[in-house]
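In what follows, a structure is listed as structure tokens, so that the remarks can point back to it.
Residue numbers (the working numbering), protein chains in the order written: chain A, 2 to 762; chain B, 30 to 305; chain C, 1089 to 1464.
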């Protein structure tokens, strides 16, 4: 009795462990604030937002389409394969095929993911396409990892099937086709169905493999969640997860109830009913997916694929007072569809496919991998220089033509402040910046800004602030964040050491690396978009970040009662030394002429201040808190009023922007420096910050214990065998080891099948 | 005629074979190709040699240790629970197994993220601890948090195969053992445990492989301070754009896994049976 | 025979889910006895065995071992070992280790283990099989390992639960002899459970016939066969024609409209009874010489004899005869007084006797229920 109670308590504890995060997630989906750490009151707000969050719904749709399609293809190929493999008599061939089939199941997902990515990139290189990765490649990847599961669930059905059944059918007058349809198919159908369901669920849930093989313009739900968990996870994602959880729970309970009936007496009627439920559930799923699919592919839709930084556009989200901001992308869809419909004389739908990246380097890696399909990208200055050099972006127009192409281009001419005149060079700084001042225009500036340091004023004392050395202040060990990209992270060290950020000497590189290695133990983590959540929740106290995001953090934190502040670091002479940057909209090189016109329309629209469409340029500037190069924005009194004093931080330090760019901007590094930067970054990342011996000691002790136990067992076995092993004559043979290894493999597989089968239940 | 027909039947496997060659074998060849070439495509051992730097060796060691500990902890937690589930009535068993599987249907990214909210210094657990007057315990961004994340995510993969094997053990074997003089504890150590080794082995495989190759868990719960093999590979492909190093790393990872699985299977084959 | 009781069951009752499995069983088992629990599936014989082994605790009643109550003694502390249905050998151990299992628990020295295992292997004719994987043994070999494993601890009582059920006919006969020999040699009490009446009759000192959770009859094999106490026992043991009759007086019985002499007495006058006549005890004679006359329905050749079904007064008799008669032929039956056995009416009366529905298929049906029971 006692043992039973202990067992029950233990079981309950394990289930608490398993369900704790889920409970948290469900609880916070009903939170009235956007916090995922503090419960501020019950509300259904996030459920409402979920259904107006087009991107999430789109991702859900994509995920379903991908899952159904890949499962269907895998089921067809896999069923055929199971049939064929079963007929193969050569044992080696059979084993060979089976082992290869199982590779994706045995290999770590990441290896499967990168191996396929390498294949696609290589093939892309061969056909000189910059856009290999896309829906097709994810589909191929999903089919590939689904195949073994389908084969594994269908194969046993073929094996179990009485060989004489088809013969009996033929004997009774069936044609071979009839015999297959009426006799063989019903026998293997359960296997096919469970294979399909398994493939469907695996595909639905996959993140890692999609992550490496997906291109732009196609975001699955797990990928969207991933990019969200990098910054702020809005509770509408929790709401979605809660809905999914409830749906599955209901399904499981339903199938469980009908399953119980089955056990007793399953009348024909009940059987039929079950079948109907099953079939109808399936047809509903299939119909929805098909509908979505047809819906997307057959209506005339113009899609503009935009790849931008996280939190870098006015996205229509509500602030704490429930006032919604302008959804710039939606406004563009409205505007452009009206425009095109008028042009073409028929209804055209426009869709902005908006995805985000966390750093210039991520963007670069994506472009290089051929994950193209982006029409508009928004890199920073030095990266634009590099992209131009490597011919990864195309000219938007020649400098003479540009004002004809981008109608609002002249908004970028700098307005002189009162009582001042600007030189031509000064006036054109936003049109002809250092990174793009050739005959062709490659970029249209989106924003510009400065890197500063955000800190938690409640915890960081006044006397410590001012310079870069705050990031190295051991007083705040474990509360400091650092950039998770090479250029900016090394930038902090370079500014601290007073090194030329664009051409350090070898010694200086080393010194910077040492500086960062020295810093590593006190760094809480290396972040990009994650900075928002960590600072706003008070989890971290100090972070270097871009001014606009810093300000937006300060406001968000204020809502949660956390007092953040911001400053531009200065050197010992009191002079500001930090990075000044500009981000600009560009068009990748592989964008077709037709898509390019749409991309240009989008870029143009981003400069527009047309009230009819929510004045996108102003809406963005208001939302993201970065300095706008658009004169119609920064001279707009309403906008300036909303800044409420922040213009001192955003605009005033930038009055001599030409000089600042010259002095503080990052430039594209020489390939020598670039490779030093990359290898140093890698060295920093792999440097162990805190060699915690305990983990290794514990591992070693456990490993030693296990090995000791095995040795003990083996010795004891030898000892026990000693008496009878040699003395007795051998009559039998031991089971051959090849047999048993096959057994253990098939065991794994059986279990895998069982698992997913019961999953289905 | 007959021959032709059977050839036709076997040809049903052809699409799959073509698919496997194109999308399973070829990609693996590319991993090896990239692992042994530099960025210009010239043959080199440099990538592999690079990985023998102490810092990379530490990453390997750390990954192996974390995955090993996570696997052991999973086993220690999962075995009793699987055993208790087996002892329940068939109906309860079905419900419990369903409950074990249910979390796996939720996206693992969001569940792991949810752990962040629990473990943070200002997170839920510390808030609760604060109420009962216990000082905040630093949990997030520690080795423990990463291992906890692994254990949490992969625990069902250990419970299910063990339960599946345990539930198949013939109860008469247990009666036989008890009849021959085993007390309750001896029944477990001398009969149940040895017979459940196949389940344990597949559980270990199903926990160890994803643990050693994860990158999301270490990023979120380790704050990027504990680079694992998966993180390093991911970085080469997603930001650093150094495919060759990443491929070399993946290659080593594959070898590492193959070696450990081979050792384990061999051990399980030869001696698993005689653990009493 | 030793008259010392080793196991006593005193009004033991057991029910599962409200279904009564054992209905107040009383049973004494004597030392060195070979006792068989015989009955159809679901009669409670296996439950009885499991109660003795300790796997099942009775709801009511006492289990005594050597006069000591052992209701609450766990199986591993009882000096009783079991040979399981389908053997239950440990698949992870080889032959030697399976047999040595119980000794290892007692920390016996390796040398002694070796000696005793070899002795056991010799007894069951399995020397040289030490290293074999038990899963690769034939059914008969597995059976021997199971016996050796159960006997190595020198139990006072060995319980055998349908040990020969999975073997083919020839092997079963051999094993029956072997088991009997082992029992004689070791002098251990065997409690043997089977639904095979032939097995029970040929091996046992005592047969306990069970049905519906009750003991129907306890006796030596000859008693059971010749003097069945009710229609159930008569039908279950061997073939029998069970006919409704009336006891006219001592030694005078009437059935089939005829009066017969018999050897039974002590019934009330005109008491309704069941008369049992074994098919081999009926002689086929000329119609006019017979005590009863009838038309032959069918004749089946069975090797040693012919099996003849004859209808007399709407009752189908089965007769075994070495002489051939043709179907539709009219024949006479002659029955000696000592061939007639009179039984009191019981709950089983009218359930058995007529061979009108007799066919091989019905035997199959009973096999199926057997399997179902095992699955539980």
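Glycine included, each C-beta is placed from N, C-alpha and C at the ideal position.
In the structure shown, the three-state DSSP call for residue 1290 of chain C is helix. Inside the region 1234-1304 of chain C, DSSP marks whole beta strand (DSSP E) runs of 3 or more residues at positions 1245-1249, 1277-1282, 1294-1299, from first to last along the chain. For residue 596 of chain A, same chain residues with a beta-carbon under 6 Å away, outside a window of 5 residues either side, are 376 in chain order. Annotation for residue 1416 of chain C: no beta strand (DSSP E) segment contains it, and DSSP assigns it neither H nor E. Comparing C-alpha distances from residue 1392 of chain C to each of C:1435, C:1359, C:1316, C:1410 shows the shortest one belongs to C:1410. For residue 291 of chain B, the secondary structure class from DSSP, reduced to helix, strand or coil, is helix. The Cβ neighbour count for residue 725 of chain A, taken over all protein chains shown within 10 Å, is at least 16; the residue is labelled buried. In the three-state scheme derived from DSSP, where H, G and I count as helix and E and B as strand, residue 181 of chain A is classed as helix. If you look at residue 248 of chain B, you'll find it in the alpha helix (DSSP H) that goes 245-250. For residue 223 of chain B, none of the residues of chain A pass the 7 Å Cβ criterion, the least Cβ distance being about 10 Å. Residue pairing by DSSP places residue 1103 of chain C opposite C:1108 in a beta bridge. Looking at the DSSP output, residue 1231 of chain C bridges to nothing. Residue pairing for residue 1405 of chain C: DSSP places it in a beta bridge opposite C:1398. The beta carbons of residue 394 of chain A and residue 590 of chain A sit closer together than 9 Å.
Taking a C-beta distance under 9 Å as the contact criterion, residue 582 of chain A and residue 333 of chain A do not qualify as a contact pair.
In this structure, DSSP gives residue 1355 of chain C a state outside helix and strand, which the three-state scheme calls coil. The straight-line gap separating the alpha-carbon atoms of residue 368 of chain A and residue 268 of chain B is approximately 11 Å. Identification of chain A residues near residue 264 of chain B by a Cβ-Cβ cut-off of 8 Å yields 683, 686, ordered along the chain. Under DSSP, the beta-bridge partners assigned to residue 545 of chain A are A:454. Closer than 9 Å at the C-beta level to chain A, one finds these residues of the region 40-66 of chain B: 40, 41, 42, 43, 44, 45, 46, 48, 49, 50, 51, 52, 53, 54, 55, 56, 57, 58, 59, 60, 62, 63.
Here the alpha carbon of residue 538 of chain A sits roughly 7 Å from the alpha carbon of residue 558 of chain A.
Along the region 219-250 of chain B, the positions whose C-beta sits under 7 Å from a C-beta of chain C are 220, 223, 224, read in chain order. DSSP places residue 127 of chain B inside the alpha helix (DSSP H), whose first and last residues are 119-134. Interface with chain A (9 Å Cβ-Cβ cutoff): residue 35 of chain B is included. One alpha carbon belongs to residue 147 of chain B, the other to residue 361 of chain A, and they sit about 31 Å apart. Counting every other CB atom within 10 Å of its CB across the protein chains shown gives residue 63 of chain A a total of 16 or more, marking it as buried. Looking at the backbone, the Cα of residue 75 of chain A and that of residue 200 of chain A are separated by about 8 Å. By the rule that beta-carbons nearer than 9 Å mark a contact, residue 201 of chain B touches chain C.
Residues of the region 635-652 of chain A with a C-beta atom less than 9 Å from some C-beta of chain B do not occur. Residue-level contact by beta carbon fails for residue 1253 of chain C and chain B, as no gap is shorter than 9 Å. By the Cβ criterion, the region 283-293 of chain B is not in contact with the region 710-720 of chain A, since fewer than three pairs of Cβ atoms, one from each stretch, lie closer than 8 Å.
Cβ-Cβ distances below 6 Å link residue 222 of chain A to 60, 61, 64 in the same chain, with the five nearest sequence neighbours on each side left out; the list follows chain order.
Cβ proximity to chain A below 9 Å picks out 1216, 1217, 1218, 1219, 1220, 1221, 1223, 1224, 1225 from the region 1216-1234 of chain C. The DSSP-derived three-state label of residue 1386 of chain C is strand. In this structure the region 1411-1424 of chain C lies against the region 1372-1380 of chain C, because at least three pairs of beta carbons, one per stretch, are closer than 8 Å.
Taking CB atoms only, residue 70 of chain B has no neighbour in chain C less than 9 Å away.
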